[in-house]
Amino acid sequence: MAAESGLRHSFLSQTPHIARKPGAFHYATAAASLLERPRAKAPANIAGPSRQGALLLSDGHKAEHALTEAIQSLKSPNQLRSFFVHLLVNDHVASPITMWNTFQDALAHDLILRHDNVNFGVNETLQEINRALEEHGRSLTHYGLPQPAFHSREVEMELDKWEGQLDVLAARSATAVSKLNKEQYGIYKEIMDAVTHKRSLCAFVDGKAGRGKTFLVNTICNKLRSEGHIVLPTATSAFAAQLYPGGKTTHSVFKVPITADENEELVSPIEPHDPRGELIRESSAIIWDEAPMAKSEVLTCVEETCRRVMRNNLPFGGKVVVLLGDFRQTCPVIRQGTRRQVVDASIRSSPLWREFTTFRLQQPIRNAEDLPYADFVDLIGDGAGPYIPLDLLQHVHNRTSLIEFVYPEDVLRDPALCLTRAILAPTNSQVDAYNTEILSKIEGFTRTFYAADAMQDPEEVDDTSPDLLLEQAERDCIPGIPAHNLEVKVHGVYRLMCNFAPDRGLVKNTRVVVMHIGKRIITVRILRGAGGVGSMDTEDVLISRIPFTAMLPSGHTLVRRQFPLAPAYATTFNSCQGLTLDVVGVDLTRPVFSHGQLYTALSRIRHRSHAKIRLHPGQTKTKNVTYHEVLL
Numbered sequence: 001m002a003a004e005s006g007l008r009h010s011f012l013s014q015t016p017h018i019a020r021k022p023g024a025f026h027y028a029t030a031a032a033s034l035l036e037r038p039r040a041k042a043p044a045n046i047a048g049p050s051r052q053g054a055l056l057l058s059d060g061h062k063a064e065h066a067l068t069e070a071i072q073s074l075k076s077p078n079q080l081r082s083f084f085v086h087l088l089v090n091d092h093v094a095s096p097i098t099m100w101n102t103f104q105d106a107l108a109h110d111l112i113l114r115h116d117n118v119n120f121g122v123n124e125t126l127q128e129i130n131r132a133l134e135e136h137g138r139s140l141t142h143y144g145l146p147q148p149a150f151h152s153r154e155v156e157m158e159l160d161k162w163e164g165q166l167d168v169l170a171a172r173s174a175t176a177v178s179k180l181n182k183e184q185y186g187i188y189k190e191i192m193d194a195v196t197h198k199r200s201l202c203a204f205v206d207g208k209a210g211r212g213k214t215f216l217v218n219t220i221c222n223k224l225r226s227e228g229h230i231v232l233p234t235a236t237s238a239f240a241a242q243l244y245p246g247g248k249t250t251h252s253v254f255k256v257p258i259t260a261d262e263n264e265e266l267v268s269p270i271e272p273h274d275p276r277g278e279l280i281r282e283s284s285a286i287i288w289d290e291a292p293m294a295k296s297e298v299l300t301c302v303e304e305t306c307r308r309v310m311r312n313n314l315p316f317g318g319k320v321v322v323l324l325g326d327f328r329q330t331c332p333v334i335r336q337g338t339r340r341q342v343v344d345a346s347i348r349s350s351p352l353w354r355e356f357t358t359f360r361l362q363q364p365i366r367n368a369e370d371l372p373y374a375d376f377v378d379l380i381g382d383g384a385g386p387y388i389p390l391d392l393l394q395h396v397h398n399r400t401s402l403i404e405f406v407y408p409e410d411v412l413r414d415p416a417l418c419l420t421r422a423i424l425a426p427t428n429s430q431v432d433a434y435n436t437e438i439l440s441k442i443e444g445f446t447r448t449f450y451a452a453d454a455m456q457d458p459e460e461v462d463d464t465s466p467d468l469l470l471e472q473a474e475r476d477c478i479p480g481i482p483a484h485n486l487e488v489k490v491h492g493v494y495r496l497m498c499n500f501a502p503d504r505g506l507v508k509n510t511r512v513v514v515m516h517i518g519k520r521i522i523t524v525r526i527l528r529g530a531g532g533v534g535s536m537d538t539e540d541v542l543i544s545r546i547p548f549t550a551m552l553p554s555g556h557t558l559v560r561r562q563f564p565l566a567p568a569y570a571t572t573f574n575s576c577q578g579l580t581l582d583v584v585g586v587d588l589t590r591p592v593f594s595h596g597q598l599y600t601a602l603s604r605i606r607h608r609s610h611a612k613i614r615l616h617p618g619q620t621k622t623k624n625v626t627y628h629e630v631l632l
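According to the UniProt record's numbering, the stretch in the sequence shown is residues 1 to 632, in order.
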């Protein structure tokens, strides 16, 4: 039906009659009309065949079945909208418009009741879905979905977001400024002066782990926003971006293309007249955390985008641009890259690097209570070695002892307590062994989900049979994608393996607790931490299978459809960057093999007593790898 009068633009949609009754009955009624196709039964604790990958990957109805299961579980419309976006972005829905027409009743139910008007409610639903899609660099247009009647300007939305908090932000920033140390205050003043006098500034804030970079950024953001400025806090990873209110990934803000071809030039589609272009132009400062983790071509893409929207040839368009990070931690990830390739990919190798002035944060904050340990970690980060004596730390010699130190029984019974603890190891196989043993200690219903695997281009598999490659992939631990045999346990702590809903804090590496295991969806709740105290959200989040791609050693591309979850009790050195932990166990029975890994692992804690190291009997030293070429 067409939109009613009062809307500036019309949109077409087919909206069935809405029963104006709040509650769960409507959802169950909507689901009743969606009949599932019959399928063979499987044992209750096993889901998904292990050898029917190609068939499952081509099932165009899996998304519809998953959303139907969510509705039958009586989930709220807000949860359903988030799940719908998740399916669109990750699940290759066969016909988005058909799915929208089928389920819009349930997706818009609360908003229709709020407005007491079908068109207004559906219109706001489309606006919400579009905003969520934009977090993934997509839009309603991308999926052929109806356009909402109102298109909010991004500048207006950003200013409105903080307008009601100006006094709170001013008070918060004033308190924070009074707590800045001399180094932090010098950087704060330089940035504020540049904004006040509209002076271009390209700054890099170099801070070792635990030097207060996050506190400084939040202070700057609060102060600028309290004065009506637009500030864009970004980070290379979504996990780091959520440390800042309003933070997003650099890729998301600047719409940096994500491509598998490492030689392809990155060009953002943002133009000066775009809403996003206007937002960048009107911003007073751009902040980019974890910049050393980004590749140089991403920096180039951001710089060219700024110049384009500012319509000048000044570096970064004359904007105030603040990069932060620590080159002592892990470098950009180059698959099977040599040392030379990794160094060349670093922003330190970019021609743009000469435009930046470096400011240093050297005073320890995170581990200020244990200065000898802070000095020990700093020496590792600065390239000491090649072998490091470990007599400063407590040692154990077996896996069970390390697990009992990090996760005693009382901690395992409370998932929130697990949030600030971790076992760290250099390889995925070690991490898997720890997670398997720890999960066996958790009480709760367990189901094993077998992935649907297929080769992306089976016709290009020459000498090796596709089936042999798939069988090998089932056995191997493949970085970056879920396990083929994924054991999911109620009350277990897992991490997300994709950016699910960044606006809700559901990003890659976010810790969640499994609450319920269904046939096609898993219900989880987010674990959040503040001030060293973990807590669990009360809102359910629905997770479905999504496709992942990975390059196999043979050079062929594997497509795996699996739930984006991995046990989170143990993780690799590379994945722990950005975490501040209360207790950590570090397995060094295998040496580190890449730049910054040892430094990253040992700098997660505040005091040496919070860590134990697993070594071989008689081992007293471990290897340290540092690429001195990328250090400042």
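Ideal placement from N, C-alpha and C gives every residue a C-beta, glycine not left out.
Grab the span of the alpha helix (DSSP H) containing residue i for me, first residue to last.
i	result
V118	V118 to E134
C477	Segment: none, C477 is in no alpha helix (DSSP H) and carries neither H nor E.
M293	Note, M293: premise wrong, no alpha helix (DSSP H); not H, not E.
I97	P96 to L107
Verify whether the separation of the beta carbon atoms of residue i and residue j is less than 8 Å.
i	j	result
N90	I442	no
V493	M515	no
I521	E69	yes
D582	R614	no
T219	V177	yes
A149	N130	no
D289	A345	no
On the three-state DSSP scale, how would you describe residue i?
i	result
E265	coil
L87	helix
C418	helix
E443	coil
R281	helix
E227	coil
N313	coil
G555	coil
A42	Residue confidence is low: A42 scores 39 on pLDDT, short of 50, so the model does not pin down where it sits. No coordinate-derived value is stated.
F204	strand
G210	coil
I112	helix
R360	strand
A425	strand
P245	coil
D326	coil
P591	coil
I220	helix
T626	coil
Y387	strand
V524	strand
L469	helix
T510	coil
R495	strand
V431	helix
T305	helix
N485	strand
V320	strand
T620	coil
V583	strand
L631	coil
First and last residue of the beta strand (DSSP E) that includes residue i?
i	result
Q72	Here Q72 belongs to no beta strand (DSSP E); instead the alpha helix (DSSP H) covers K62 to Q72.
M551	I546 to M551
residue 697	Given a span of 1 to 632 for the chain in the structure shown, any question on residue 697 remains unanswerable.
H251	Per DSSP, H251 belongs to no beta strand (DSSP E); it is in the alpha helix (DSSP H), T250 to F254.
Using a Cβ-Cβ distance cut-off of 8 Å, determine whether residue i contacts chain C.
i	result
A174	No chain C is part of this structure, which consists of one protein chain only.
Quick check: does the Cβ of residue i come within less than 7 Å of any heavy atom belonging to the ligand GTP?
i	result
L486	By its list of ligands, the structure shown contains no ligand whatsoever, and the ligand GTP lies outside what it can speak to.
### Message
My parser needs the alpha helix (DSSP H) runs of 4 or more residues fully inside the segment 162 to 190; what are they?
### Response
As far as the segment 162 to 190 is concerned, its whole alpha helix (DSSP H) runs of at least 4 residues are 166 to 179.
#### Entry: Meets three-Cβ-pair contact criterion under 8 Å: the segment 355 to 373 and the segment 178 to 197
Yes: the two stretches touch, three or more of their Cβ pairs being nearer than 8 Å.
#### Entry: Stretch pair the segment 228 to 239 + the segment 379 to 399: three plus CB contacts closer than 8 Å
Result no; under three Cβ-Cβ pairs closer than 8 Å.
### Task
Spell out a yes or no on whether the segment 418 to 430 and the segment 567 to 580 are touching, meaning 3 or more CB-CB pairs, one atom from each, closer than 8 Å.
Three or more Cβ pairs drawn from the segment 418 to 430 and the segment 567 to 580 lie within less than 8 Å of each other, which places the two stretches in contact.
### Query
Does the pairing of the segment 616 to 623 with the segment 437 to 455 give three or more beta-carbon distances under 8 Å?
They do not touch, by the three-pair rule.
### Message
For the segment 130 to 138 against the segment 100 to 120, do three or more pairs of beta-carbon atoms, one drawn from each stretch, fall closer than 8 Å, so that the two count as touching?
### Response
The segment 130 to 138 vs the segment 100 to 120: no contact.
### Query
Any contact of the segment 283 to 303 with the segment 545 to 561, i.e. 3+ C-beta pairs under 8 Å?
Contact fails: fewer than three Cβ-Cβ distances are below 8 Å.
#### Entry: Contact between the segment 197 to 208 and the segment 249 to 261 (3+ Cβ pairs under 8 Å)
In short, these stretches do not touch, since the Cβ pair count stays below three.
### Message
Under 8 Å, with one C-beta from each stretch per pair, do the segment 151 to 161 and the segment 271 to 281 reach the 3-pair mark?
### Response
Taking a contact to require three or more Cβ pairs closer than 8 Å, the segment 151 to 161 and the segment 271 to 281 qualify as touching.
### Query
Between the segment 587 to 598 and the segment 502 to 512, do at least 3 Cβ pairs fall closer than 8 Å?
Under the three-pair Cβ rule at 8 Å, the segment 587 to 598 does not count as touching the segment 502 to 512.
#### Entry: Three-pair Cβ contact test at 8 Å for the segment 240 to 251 versus the segment 214 to 228
The segment 240 to 251, when compared against the segment 214 to 228, does touch it at the 8 Å Cβ threshold.
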